[in-house]
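K.L.:
In terms of the working numbering, the sequence shown has 229 at position 196, counting the first letter as 1, and numbering is strictly consecutive. Glycine included, each C-beta is placed from N, C-alpha and C at the ideal position. On a predicted model such as this, the values are computed, not experimentally measured, just so you know. The structure follows.
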Amino acid sequence: MAVEIRSFHGDTSSVADLARETFQAAMHDDPVARYLVKDTSYRRFWDVMISHYLTPTHSDLNFITEGCKAGMLARIYPDEQASALSEVAHAVRLLPTFPLTKIWSALMINDAMDRGTAAFGKEHGSYIYVFLLGTRPECQGQGLGSALMSHLNSIADARGMHSYLESSSEGSRRFYKRHGYVDRQTYKMAPDAPPLFLMSRAPKNQPTSTGQNGGASI
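Right under this line is the structure:
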């Protein structure tokens, strides 16, 4: 059965509010976020993160399925990158969500993510950065996430653009691999921390690259 997919902008308040709730539900047990964030601040953390990626851009790569059962936030990097001032404000809003013992780890993983996106841009120029893909728990297993990813892949192929994302679990890593993504690097904040997988996809008919680290851990 075909999945209806539509794009939306962050300033389309009614749709954006539904999308926020979908992403909140989808990320209810993200391993990396659970490791870093206070239990009492977990919803606040994702509200800040989602708002940051919805507000500053009119990206045409934000998608939802019918009924907002699943959604995706993506943008062209660095063309649609948030301003430096916006990034500082974002960091200030996020800081209270971390316990004091995890602030250094949060800074480290943010730095690793920034270095990863910047390095990928140096290799490939402008590319599609997938920030978030999520399906409401009660709607999982219906192929909605796959439909969204296939839709984005078709856009990337048509534009001849590489794609990049961070995966925070083994399950999502396997999902992205099924959709053509390969490992670039694996990052761990601490020995007891869950891994973060930096992954990329080349447009069809172009060679796949794992980057200078060849999928190594960092």
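ILE83 and PHE41 look like a contact to me (Cβ under 8 Å); what is the Cβ gap, rounded to whole Å?
P.N.:
Taking the first residue of the sequence shown as 1, we reach residue 83 at position 50. Taking the first residue of the sequence shown as 1, we reach residue 41 at position 8. Actually they are not in contact, since the Cβ atoms of ILE83 and PHE41 sit about 13 Å apart, beyond 8 Å.
K.L.:
Let me know the secondary structure DSSP gives MET279 once reduced to three states.
P.N.:
Since the first residue shown for the chain is 34 and the last is 251, residue 279 is missing from the structure and cannot be characterised.
K.L.:
On the DSSP bridge assignment, give the partners of VAL215 in chain order.
P.N.:
For the purposes of this step, residue 215 is taken as residue 182 along the sequence shown, with counting starting at 1. BP columns for VAL215 point to SER233.
K.L.:
Please name the residue, chosen from PRO64, ALA52, GLN57, that lies closest to GLY204 on a Cα-to-Cα basis.
P.N.:
Here residue 204 is taken as the residue at index 171 of the sequence shown, counted from 1. Minimum Cα distance to GLY204 is reached at PRO64.
K.L.:
Would you identify the three-state DSSP class for MET222, choosing helix, strand or coil?
P.N.:
Numbered from its first residue, the sequence shown carries residue 222 at position 189. Correct three-state label for MET222: coil.
K.L.:
From what residue to what residue does the alpha helix (DSSP H) around SER159 run?
P.N.:
Looking up residue 159 in the sequence shown gives position 126. First-last for SER159: undefined, no H or E at that position.
K.L.:
From the DSSP output, in three-state form, read off GLU99 for me.
P.N.:
Here residue 99 refers to the residue found at position 66 when the sequence shown is read from its first residue. Note: GLU99 maps to helix in three-state DSSP.
K.L.:
For VAL48, collect the residues of the same chain with a Cβ closer than 6 Å to its Cβ; drop the 5 residues on either side in sequence, then sort them by chain order.
P.N.:
By 1-based counting over the sequence shown, the position of residue 48 is 15. Closer than 6 Å at Cβ, skipping near neighbours: PHE41.
K.L.:
Measuring alpha carbon to alpha carbon, tell me which residue in PHE131, ALA124, SER183 is nearest ILE38.
P.N.:
By 1-based counting over the sequence shown, the position of residue 38 is 5. Nearest of PHE131, ALA124, SER183 to ILE38, Cα basis: SER183.
K.L.:
In terms of residue numbering, what span does the beta strand (DSSP E) encompassing SER187 cover?
P.N.:
What you label residue 187 is simply residue 154 of the sequence shown in a count that begins at 1. Run containing SER187: none in the beta strand (DSSP E); it sits in the alpha helix (DSSP H), 177 to 192.
K.L.:
When DSSP labels each residue in this structure, what does GLU199 get in the three-state scheme?
P.N.:
Counting from 1 along the sequence shown, the entry for residue 199 is found at position 166. Of the three classes helix, strand and coil, the one that applies to GLU199 here is strand, per DSSP.
K.L.:
Please determine whether the Cβ atom of ASN238 lies at a distance below 7 Å from any heavy atom of the ligand SAM.
P.N.:
This structure does not include the ligand SAM; it has no bound ligands of any sort.
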